[in-house]
Amino acid sequence: MPAGKAIMKWAGRRSDTRHLLKPLPTDIVQTLSLAHHLALESVTSGGGNLDQVGYLVRVVYLTFYLRDTASIDTNVMAYRCAERALHACVARVDQGACCRLVDHEPEAVSRILLIHDQQLSAITGHLYLAARERLRHHVANGRRSPIALAAGR
């Protein structure tokens, strides 16, 4: 089952929502983490596509939205670097190049994925779902990067 469907099945499985006040189940955390890291590996190896890059952009934004929920000290610039790396990959694809992260780009994105792994292990279900809803709203309204807005750019 795809990672997004697994979390939504878990979130909506009961009329009682007390489970949302508990940490995310380990199997959900592992499923999400695996999906994120596999997408990064595909794009790093040159076997990726723009759907995977878009998926990684969404993970970077979700991690950014959750930045205050776990005691992980991360500067906004780490998010900007990951976002720029993914946007540079898209620009290269638009120019006919392979869909691949190059040079320092994989490390920039990997750093954010590792932060997100820590977040997923520490947060409750309702915090995760609230961040997903913020992301959905952001995408639906076609707004500027939330990272750029926070950085004042």
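Residue numbers (my numbering): 65 to 217. We treat Cβ as the ideally placed atom computed from N, Cα and C, and that holds for glycine. In this text the structure is predicted, and so the values were computed from the model without any measurement.
Residues near residue i in its chain [Cβ-Cβ closer than 8 Å; skip 5 each side]
i: residue 203; result: 122
i: residue 86; result: 188, 189
Alpha helix (DSSP H) segment containing residue i, residue limits
i: residue 153; result: 140–158
i: residue 90; result: 90–109
i: residue 202; result: 189–204
i: residue 179; result: 169–186
Residues near residue i by beta carbon distance below 6 Å, same chain, minus five either side
i: residue 65; result: Any reading at residue 65 needs caution, since the residue's pLDDT is 46, under 50, leaving its predicted position unreliable; the model's value is listed next. For residue 65, where only same-chain residues beyond five positions count, there are no Cβ hits under 6 Å.
Residue j beta carbon less than 9 Å from that of residue i
i: residue 191; j: residue 126; result: no
i: residue 176; j: residue 143; result: yes
i: residue 173; j: residue 184; result: no
i: residue 163; j: residue 124; result: no
i: residue 99; j: residue 119; result: yes
i: residue 97; j: residue 147; result: no
i: residue 170; j: residue 102; result: no
i: residue 154; j: residue 114; result: yes
Distance between residue j and residue i (C-alpha atoms, nearest Å)
i: residue 89; j: residue 106; result: 26 Å
i: residue 195; j: residue 160; result: 34 Å
i: residue 84; j: residue 189; result: 4 Å
i: residue 151; j: residue 199; result: 18 Å
i: residue 182; j: residue 108; result: 22 Å
i: residue 112; j: residue 157; result: 11 Å
Cβ shell of residue i (< 7 Å), same chain only, five flanking positions each side left out
i: residue 140; result: 211, 214, 215
i: residue 205; result: none
i: residue 179; result: 127, 136, 138
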